[in-house]
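Novice: Right, I'll just put the structure down here and ask away after.
Residue numbers (the numbering used here): 386 to 726.
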């Protein structure tokens, strides 16, 4: 590199005070200047964008994100030189980048790296839990998660896991060692259904009804669930949705959709689980565990206070709409931060 370009690209050490002193440190041969070992330091590079892209997912929802504002009437000291101003601007850019990265990390949804094991869930018959190894974590940090939640976000990984076990049914029967009485019950129930089908066909032949529609109507009368069993199923689905907010690793917006579906069915059957202040308390307690701790605990305290004083309280439906609006606002705020970086 020519000497002039080297002088422009590098900042000389503090010991060199002028061009003359710099030239004195060089050797001259036939009119050509060859710099010896000089303590030349390159210009500091300005911080660049990390290039991370926002995925649109959220971990626990932060509801108290306040931006610090300078006090009224206060003023910052002016920079003494242009170099100080550049250093200050670089520092501010670094702070914005760090804040945006923190917002993005809050919003990132955990990605499944591998499934290590499976087991029968306690307290819920027929449910399966999977030992999930998450991306960015060690195997020792793997957690047990409901199978249906992994099915929603990592169906391919779940398929590969069951395929490695032969098949899902074989793994559940052989490895979990279900009781022999349960297997016998499954066989007997299958035989009973086959017998019921033959009896229904014989009854229709005697009555002179041999169409497919007649057969389906007869089978529906025999096997349709009773109203009591339907209500029981709807109640269990709603309670399960609340439990997912307490222990699951669901995105808040995705969880709200699951909860709202269960809430709509429960409301259609006029279940007590979705009526009155007690229903709102259950909702706030659930989301206050992991999804929105600050908001959930604060509104739960306000609800208990208003209910004890005889004041008009916010309904469960209103709390659900409020939570959904906050999820949407949080996603927009994170996208705005990343756009400014």
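Ideal Cβ positions, reconstructed from N, Cα and C, are used throughout, including at glycine.
Who pairs with residue 505 in a beta bridge, going by DSSP?
Specialist: Along the chain shown, one-based indexing puts residue 505 at 120. For residue 505, which the question treats as bridged, DSSP gives the partners 513.
Novice: Would you kindly report the start and end of the unbroken alpha helix (DSSP H) that includes residue 679?
Specialist: Mapped onto the chain shown, residue 679 falls at position 294. That run of the alpha helix (DSSP H) goes 678–693.
Novice: Between which residues of its own chain and residue 707 is the CB-CB distance below 7 angstroms, once the five residues before and five after are set aside?
Specialist: The count along the chain shown starts at 1 and reaches residue 707 at position 322. If we look at residue 707 and ignore the five residues flanking it on each side, it has no Cβ neighbours.
Novice: In terms of DSSP beta bridges, what is residue 499 paired with?
Specialist: Numbered from its first residue, the chain shown carries residue 499 at position 114. Answer is 518.
Novice: How would you write the range of the alpha helix (DSSP H) that residue 533 sits in, first residue to last?
Specialist: The sequence position of residue 533 within the chain shown is 148, counting from 1. From DSSP, the alpha helix (DSSP H) with residue 533 extends over 532–538.
Novice: Alpha carbon to alpha carbon, how far is residue 512 from residue 547?
Specialist: Position 127 of the chain shown, counted from the first residue, corresponds to residue 512. Position 162 of the chain shown, counted from the first residue, corresponds to residue 547. Answer to the nearest angstrom: the Cα atoms are 15 angstroms apart.
Novice: Quick check: what's the CA-CA separation for residue 507 versus residue 722?
Specialist: For the purposes of this step, residue 507 is taken as the residue at position 122 of the chain shown. For the purposes of this step, residue 722 is taken as the residue at position 337 of the chain shown. Rounded to the nearest angstrom, the two C-alpha atoms are 42 angstroms apart.
Novice: Considering residue 551, what are the terminal residues of the alpha helix (DSSP H) in which it resides?
Specialist: Taking the chain shown and counting its residues from 1, one reaches residue 551 at position 166. Taken as a continuous stretch (DSSP letters only), residue 551 belongs to no alpha helix (DSSP H), as it is neither H nor E.
Novice: Have a look at residue 671 and residue 495 and give me their C-alpha separation to the nearest angstrom.
Specialist: As a position in the chain shown, residue 671 is number 286, starting the count at 1. As a position in the chain shown, residue 495 is number 110, starting the count at 1. Each residue's Cα considered, the two are about 20 angstroms apart.
Novice: Quick check on residue 719: buried or exposed, where buried means 16 or more other Cβ atoms within 10 Å of its Cβ?
Specialist: Taking the first residue of the chain shown as 1, we reach residue 719 at position 334. The residue in question, residue 719, is buried, as its Cβ has 16 or more Cβ neighbours within 10 Å.
Novice: So, using beta-carbon positions, are residue 622 and residue 650 closer together than 9 angstroms?
Specialist: Within the chain shown, numbered from 1, the residue matching residue 622 stands at position 237. Within the chain shown, numbered from 1, the residue matching residue 650 stands at position 265. Residue 622 places its beta carbon less than 9 angstroms from that of residue 650.
Novice: Below 8 angstroms, how does it come out for the segment 675–694 and the segment 645–659: are there three or more Cβ pairs, yes or no?
Specialist: no
Novice: Please list the terminal residues of the continuous alpha helix (DSSP H) segment that includes residue 654.
Specialist: One-based indexing of the chain shown puts residue 654 at position 269. Residue 654 -> no alpha helix (DSSP H), and no H or E assigned at all.
Novice: Bridge partners for residue 529 per DSSP, in chain order?
Specialist: By one-based count along the chain shown, residue 529 stands at place 144. Its beta-bridge partners are 516.
Novice: Three or more C-beta pairs closer than 8 angstroms, one from the segment 524–539 and one from the segment 629–636: is that the case here?
Specialist: yes
Novice: May I have the straight-line CA-CA distance separating residue 696 from residue 689, to the nearest angstrom?
Specialist: Position 311 of the chain shown, counted from the first residue, corresponds to residue 696. Position 304 of the chain shown, counted from the first residue, corresponds to residue 689. In this structure, the straight-line span from the alpha carbon of residue 696 to that of residue 689 is close to 10 angstroms.
Novice: Taking the alpha-carbon of residue 627 as reference, which of 645, 614, 616, 613 has the nearest alpha-carbon?
Specialist: Here residue 627 corresponds to residue number 242 of the chain shown, with the count starting at 1. Minimum Cα distance to residue 627 is reached at 645.
Novice: Have a look at residue 717 and residue 680 and give me their C-alpha separation to the nearest angstrom.
Specialist: In the chain shown, residue 717 corresponds to position 332, counting from 1. In the chain shown, residue 680 corresponds to position 295, counting from 1. The alpha-carbon atoms of residue 717 and residue 680 are separated by roughly 18 angstroms.
Novice: Would you call the CB atoms of residue 677 and residue 699 closer than 9 angstroms?
Specialist: Locating residue 677 in the chain shown gives position 292, where the first residue counts as 1. Locating residue 699 in the chain shown gives position 314, where the first residue counts as 1. No; because the gap between Cβ atoms is not below 9 angstroms, this pair is not in contact.
Novice: If we ignore side chains and look at the alpha-carbon of each, how far apart do residue 518 and residue 553 end up?
Specialist: Sequence index remark: in the chain shown, residue 518 carries index 133 (1-based). Sequence index remark: in the chain shown, residue 553 carries index 168 (1-based). Distance between the alpha carbons of residue 518 and residue 553: 19 angstroms.
Novice: Between residue 710 and residue 658, what straight-line distance do the alpha-carbon atoms span, to the nearest angstrom?
Specialist: Indexing the chain shown from 1 puts residue 710 at position 325. Indexing the chain shown from 1 puts residue 658 at position 273. Approximately 23 angstroms between the Cα atoms of the pair.
Novice: Could you work out which residue in 516, 673, 524 is closest to residue 534 when comparing CA atoms only?
Specialist: The sequence position of residue 534 within the chain shown is 149, counting from 1. The shortest Cα separation from residue 534 among 516, 673, 524 belongs to 516.
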